[in-house]
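Everything below concerns the one structure shown next.
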Amino acid sequence: MATPTKETSLETTNSMLATTLALFDSTFERLQLDEGIASIMRQTEVEMTVTIPIIADDGRILTFKGYRVQHSSARGPSKGGIRYHPDVDIDEVRALAMLMTLKCAAVNIPFGGAKGGICVNPAELSMHELERLTRRFAKMIAPILGGKRDIPAPDMNTNEQTMAWFMDEISSIQGYYSPEITTGKPVILGGSEGRTEATGRGVAIATVELLRKLGREPQGARVAVQGYGNVGYYAANILADEYGCKVIAVSDVSDALYNPKGLDLAAINQHVAHSPGRLLKGFTGNAEHITNAELLTLDTDVLIPAAIENQITGKNAGQIRAQIIVEGANGPTTYEADLILRDRGIHVVPDILANAGGVIVSYFEWVQDLQFYFWDIDEVRRQLYKKMSRSFEEAWAMAQERKVDLRSAVYMLAVQRVADAIQKRGYVSSGR
Ligand code: NAD
130 MATPTKETSL ETTNSMLATT LALFDSTFER LQLDEGIASI MRQTEVEMTV TIPIIADDGR
190 ILTFKGYRVQ HSSARGPSKG GIRYHPDVDI DEVRALAMLM TLKCAAVNIP FGGAKGGICV
250 NPAELSMHEL ERLTRRFAKM IAPILGGKRD IPAPDMNTNE QTMAWFMDEI SSIQGYYSPE
310 ITTGKPVILG GSEGRTEATG RGVAIATVEL LRKLGREPQG ARVAVQGYGN VGYYAANILA
370 DEYGCKVIAV SDVSDALYNP KGLDLAAINQ HVAHSPGRLL KGFTGNAEHI TNAELLTLDT
430 DVLIPAAIEN QITGKNAGQI RAQIIVEGAN GPTTYEADLI LRDRGIHVVP DILANAGGVI
490 VSYFEWVQDL QFYFWDIDEV RRQLYKKMSR SFEEAWAMAQ ERKVDLRSAV YMLAVQRVAD
550 AIQKRGYVSS GR
């Protein structure tokens with residue numbers, strides 16, 4: 130039997146959706162946006178809910194709920210990941226699609242926002258079952274996808290293999306090889322060089338840009354990183370190796386390591402590469418073992434939360450000693466904490482700008498796929514630097530001009546870009 134779906138209206142109390150709508154509303158107010166345009170942006174453009182049947186390895190029929198939501202196509206094809214998780218529901222997908230619209234607009238890439246997901250625990254399925262689930266889902270939502278319409282990418286519990294199956298399925302429906310239909314694919318199937326490191330590299334660039342705006346060079350700046358996964362690992366190593374920062378703390382779900390004189394990242398990387406689950410646990414090198422909570426309040430210049438959401442809260446925001454927070458993770462700071470940090474004059478580069486390096490390189494992947502011409506890693510890094518640093522500069526200028534914090538500035542920039550596109554396209558003009 131199919132899992133029941135939690136269908137609700139956009140005005141629900143679901144926390145992520147409610148928080149996202151509250152952020153939209155405060156930005157609309159600041160920008161004194163036309164009410165009609167605001168009402169378009171408060172809603173999603175297209176929503177598709179499907180029940181996906183598959184044959185399990187033991188011959189049973191299993192069914193799963195799947196969703197694809199396109200929030201906006203005002204600035205270009207909608208873009209966003211597909212996640213496989215038991216908590217996936219329509220409201221979460223709606224909120225994530227809205228945030229994708231803002232993220233793409235914040236870094237001025239020609240995409241709108243979308244998101245998708247299947248309510249499933251992938252750990253309970255075999256590889257063959259996962260492939261059947263992915264292919265069936267791709268086939269069912271194919272009518273609303275397309276390289277110039279809506280382009281999926283990996284997200285929680287999906288990866289380049291998932292995207293390869295997706296691309297293959299849609300290509301077979303279309304009758305020709307269409308790598309531009311998804312991003313985050315293996316390089317051999319039109320994926321981009323540099324995608325794996327892109328989000329961490331973008332976080333590093335945002336950190337350095339902000340340090341420089343505050344009048345200090347990155348050399349020797351102390352950095353603490355929560356979460357030593359994909360984003361945190363690359364952010365820490367790039368800041369240390371390429372910018373001379375002193376990484377004094379890193380953590381993951383298993384441990385937190387601290388050395389005020391600077392950690393030996395080469396030794397830590399060696400340990401992680403050989404540890405089961407790629408964890409910090411069991412590292413015996415020169416570092417003090419602290420807790421994740423202690424890491425967040427260390428005496429450091431820069432704090433990079435790059436693990437999960439809701440880590441900086443009303444409870445610990447008053448104790449944060451970093452002057453700069455760069456949000457590698459999505460939503461690591463609660464609304465309440467944000468107000469406290471703002472009052473305390475702590476500079477925060479918000480997630481939709483700080484971790485946009487991934488979607489920027491996804492955009493580069495799409496551009497390469499459309500041209501069937503592929504860039505080398507140096508070109509990808511050069512273009513990423515250009516996009517990230519320009520986006521940071523625009524956000525900083527907006528913050529100075531409107532005398533607001535960086536988060537408000539980035540939201541204002543992004544919402545204004547989407548609103549301008551809606552207006553200029555004339556969705557709401559008379560006579561249509
Ligand atoms: P990941 O799974 O590779 O790494 C997550 C890390 O956080 C791991 O080291 C894990 O052990 C650690 N962690 C998990 N729970 C923790 C806890 N309670 N306390 C401390 N550490 C904990 O994931 P990732 O791809 O690096 O993503 C990290 C964050 O960045 C997520 O919020 C994700 O949505 C966001 N993000 C990732 C990308 C990307 O391209 N990977 C892009 C944009 C945003």
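Going by my numbering, 437 is the number at position 308 of the sequence shown; the sequence numbering is gapless. Idealized CB from N, CA, C, for every residue including glycine. Please read these numbers as outputs of a predicted model, since none were measured by experiment.
- Query: What's the C-alpha gap between Leu-482 and Ala-235?
  - Reply: Taking the sequence shown and counting its residues from 1, the one referred to as residue 482 is at position 353. Taking the sequence shown and counting its residues from 1, the one referred to as residue 235 is at position 106. Near 6 angstroms, if we compare the C-alpha coordinates of Ala-235 and Leu-482.
- Message: In this structure, how does DSSP classify Gly-447 when only helix, strand and coil are distinguished?
- Response: Within the sequence shown, the letter at position 318 stands for residue 447. In the structure shown, Gly-447 sits in a helix (DSSP, three-state: H, G or I).
- Kindly indicate which residue of Ile-437, Ile-454, Gly-373 and Thr-149 has the alpha-carbon position closest to the one of Tyr-357. Along the sequence shown, one-based indexing puts residue 357 at 228. Among Ile-437, Ile-454, Gly-373 and Thr-149, the Cα nearest to that of Tyr-357 belongs to Ile-437.
- Task: For Gln-348, collect the residues of the same chain with a Cβ closer than 8 angstroms to its Cβ; drop the 5 residues on either side in sequence, then sort them by chain order.
- Result: As a position in the sequence shown, residue 348 is number 219, starting the count at 1. Answer for Gln-348: Tyr-372, Gly-373 and Cys-374, listed in chain order.
- Rounded Cβ spacing between Asn-237 and Ser-520 (contact assumed at less than 8 angstroms): As a working note, residue 237 is residue 108 in the sequence shown. As a working note, residue 520 is residue 391 in the sequence shown. About 7 angstroms; that satisfies the 8 angstroms criterion.
- For my contact list, Val-488 and Lys-208 are in at a C-beta cut-off of 8 angstroms; report their separation, rounded to the angstrom. Translated into positions along the sequence shown, residue 488 becomes position 359. Translated into positions along the sequence shown, residue 208 becomes position 79. Confirmed, about 7 angstroms.
- Message: As an exercise, report each continuous beta strand (DSSP E) stretch of at least 3 residues that is fully enclosed by the segment 233-280, in chain order.
- Response: 241-248
- From this set, Glu-322, Ala-267, Cys-233 and Ala-524, which residue's C-alpha is nearest Ala-203's C-alpha? The residue given as residue 203 occupies position 74 in the sequence shown. Per the Cα distances, Cys-233.
- At 3 residues or longer, and completely inside the segment 389-446: list those beta strand (DSSP E) runs for me, N to C. 417-419 and 431-434
- Close beta carbons around Glu-338, own chain, < 7 angstroms, minus the five adjacent residues each side: In the sequence shown, residue 338 corresponds to position 209, counting from 1. These residues qualify, in order along the chain: Ser-518 and Phe-521.
- Query: Using a Cβ-Cβ cut-off of 7 angstroms (strictly less than) and excluding sequence neighbours within five positions of Ala-528, which residues of its own chain qualify?
  - Reply: Here residue 528 is taken as the residue at index 399 of the sequence shown, counted from 1. For Ala-528, where only same-chain residues beyond five positions count, the Cβ hits under 7 angstroms are Asp-534, Leu-535 and Ala-538.
- Query: When DSSP labels each residue in this structure, what does Ala-548 get in the three-state scheme?
  - Reply: Numbered from its first residue, the sequence shown carries residue 548 at position 419. Of the three classes helix, strand and coil, the one that applies to Ala-548 here is helix, per DSSP.
- When the Cα of Asp-381 is compared with those of Leu-542, Ile-181 and His-418, which residue comes out closest? Position 252 of the sequence shown, counting from 1, holds the residue named residue 381. The shortest C-alpha separation from Asp-381 is found at His-418.
- Nonlocal neighbours in the same chain, by C-beta distance under 7 angstroms from Glu-523, ignoring five residues either side: For the purposes of this step, residue 523 is taken as residue 394 along the sequence shown, with counting starting at 1. So the list reads Leu-542, once near-sequence residues are dropped.
- C-alpha distance - Pro-182 paired with Met-269, whole-angstrom precision: Counting from one through the sequence shown, the residue named residue 182 turns up at place 53. Counting from one through the sequence shown, the residue named residue 269 turns up at place 140. Straight-line Cα distance between these residues: approximately 10 angstroms.
- Message: Which residue marks the beginning of the beta strand (DSSP E) containing Thr-287, and which one marks its end?
- Response: Here residue 287 refers to the residue found at position 158 when the sequence shown is read from its first residue. First-last for Thr-287: undefined, no H or E at that position.
- C-alpha gap between His-476 and Leu-470, whole angstroms: Here the question's residue 476 lines up with position 347 in the sequence shown. Here the question's residue 470 lines up with position 341 in the sequence shown. Distance between the alpha carbons of His-476 and Leu-470: 8 angstroms.
- Query: What is the rounded straight-line gap between the Cα of Ser-168 and the Cα of Gly-188?
  - Reply: Within the sequence shown, the letter at position 39 stands for residue 168. Within the sequence shown, the letter at position 59 stands for residue 188. The alpha-carbon atoms of Ser-168 and Gly-188 are separated by roughly 47 angstroms.
- Query: Do Ala-435 and Ala-458 have their C-beta atoms closer together than 9 angstroms?
  - Reply: As a first step, residue 435 is located in the sequence shown; it is residue number 306 there, counting from the start. As a first step, residue 458 is located in the sequence shown; it is residue number 329 there, counting from the start. In this structure, Ala-458 lies closer than 9 angstroms to Ala-435 by Cβ.
- Query: With C-beta atoms as the reference, is Thr-291 less than 9 angstroms away from Thr-263?
  - Reply: Locating residue 291 in the sequence shown gives position 162, counting from the first residue. Locating residue 263 in the sequence shown gives position 134, counting from the first residue. It is a contact, given that the beta carbons lie within the stated cut-off.
- Member of Arg-171, Gly-443 and Tyr-464 whose CA lies at the smallest distance from the CA of Phe-157: Along the sequence shown, one-based indexing puts residue 157 at 28. Residue Arg-171 is the option with its Cα nearest to Phe-157.
- Nearest-angstrom Cβ-Cβ length linking Val-490 and Arg-324, presumed shorter than 8 angstroms: Against the sequence shown, residue 490 aligns to sequence position 361. Against the sequence shown, residue 324 aligns to sequence position 195. About 5 angstroms separates the two Cβ atoms, so the contact holds.
- Message: Please state the DSSP three-state secondary structure of His-308.
- Response: Along the sequence shown, read from residue 1 onward, the residue named residue 308 stands at position 179. According to the sequence shown, residue 308 is Pro rather than His. Helix.
- Query: Quick one: what's His-476 bridged to in DSSP?
  - Reply: Stepping through the sequence shown from its first residue, residue 476 is reached at position 347. Its beta-bridge partners are Ile-453.
- Supposed close pair Val-431, Ala-548 - CB separation, criterion 8 angstroms: Translated into the one-based positions of the sequence shown, residue 431 becomes position 302. Translated into the one-based positions of the sequence shown, residue 548 becomes position 419. That belief does not hold up - the Cβ atoms of Val-431 and Ala-548 are roughly 33 angstroms apart, past 8 angstroms.
- Can you give the Cα-Cα distance for Tyr-213 and Glu-456, rounded to whole angstroms? Taking the sequence shown and counting its residues from 1, one reaches residue 213 at position 84. Taking the sequence shown and counting its residues from 1, one reaches residue 456 at position 327. Spanning the two alpha carbons is a distance of roughly 23 angstroms.
- Message: Our contact map puts Asp-393 next to Lys-410 with C-beta atoms below 8 angstroms; I'd like the distance itself, whole angstroms only.
- Response: Within the sequence shown, numbered from 1, the residue matching residue 393 stands at position 264. Within the sequence shown, numbered from 1, the residue matching residue 410 stands at position 281. About 17 angstroms separates the two Cβ atoms, so there is no contact after all.
- Give the single residue among Leu-146, Ala-151, Met-229 and Glu-174 whose Cα lies nearest to the Cα of Gly-486. By 1-based counting over the sequence shown, the position of residue 486 is 357. Looking at the Cα atoms, Met-229 is the closest of the given residues.
- Item | Any non-hydrogen atom of ligand 1 closer than 8 angstroms to Ile-419 Cβ | In the sequence shown, residue 419 corresponds to position 290, counting from 1. No, Cβ of Ile-419 sits at least 8 angstroms from all heavy atoms of ligand 1.
- Query: When the Cα of Arg-223 is compared with those of Cys-248, Val-249, Ala-267 and Glu-176, which residue comes out closest?
  - Reply: Numbered from 1 along the sequence shown, position 94 holds the residue referred to as residue 223. Comparing Cα positions, the closest option is Glu-176.
- With distances taken between CB atoms, is the gap from Leu-274 to Ile-299 smaller than 9 angstroms? Within the sequence shown, numbered from 1, the residue matching residue 274 stands at position 145. Within the sequence shown, numbered from 1, the residue matching residue 299 stands at position 170. Result yes, Cβ atoms of Leu-274 and Ile-299 sit closer than 9 angstroms.
- Message: Does Phe-193 come out as helix, strand or coil in the three-state DSSP assignment?
- Response: Within the sequence shown, numbered from 1, the residue matching residue 193 stands at position 64. Strand.
- Query: What do you get for Ser-201, buried or exposed, if any count of 16 or more other CB atoms within 10 angstroms of its CB means buried?
  - Reply: One-based indexing of the sequence shown puts residue 201 at position 72. That one is buried.
- Query: Going along the chain, which residues of its own chain have a beta-carbon closer than 8 angstroms to the beta-carbon of Trp-294, five neighbours each way excluded?
  - Reply: Stepping through the sequence shown from its first residue, residue 294 is reached at position 165. Only Glu-260, Thr-263, Arg-264 and Ala-267 meet the Cβ criterion.
- According to DSSP, is Leu-499 helix, strand or coil? Taking the sequence shown and counting its residues from 1, one reaches residue 499 at position 370. It is helical.
- Message: If we require 3 or more residues per run, which beta strand (DSSP E) segments fall completely within the segment 293-361?
- Response: 351-355
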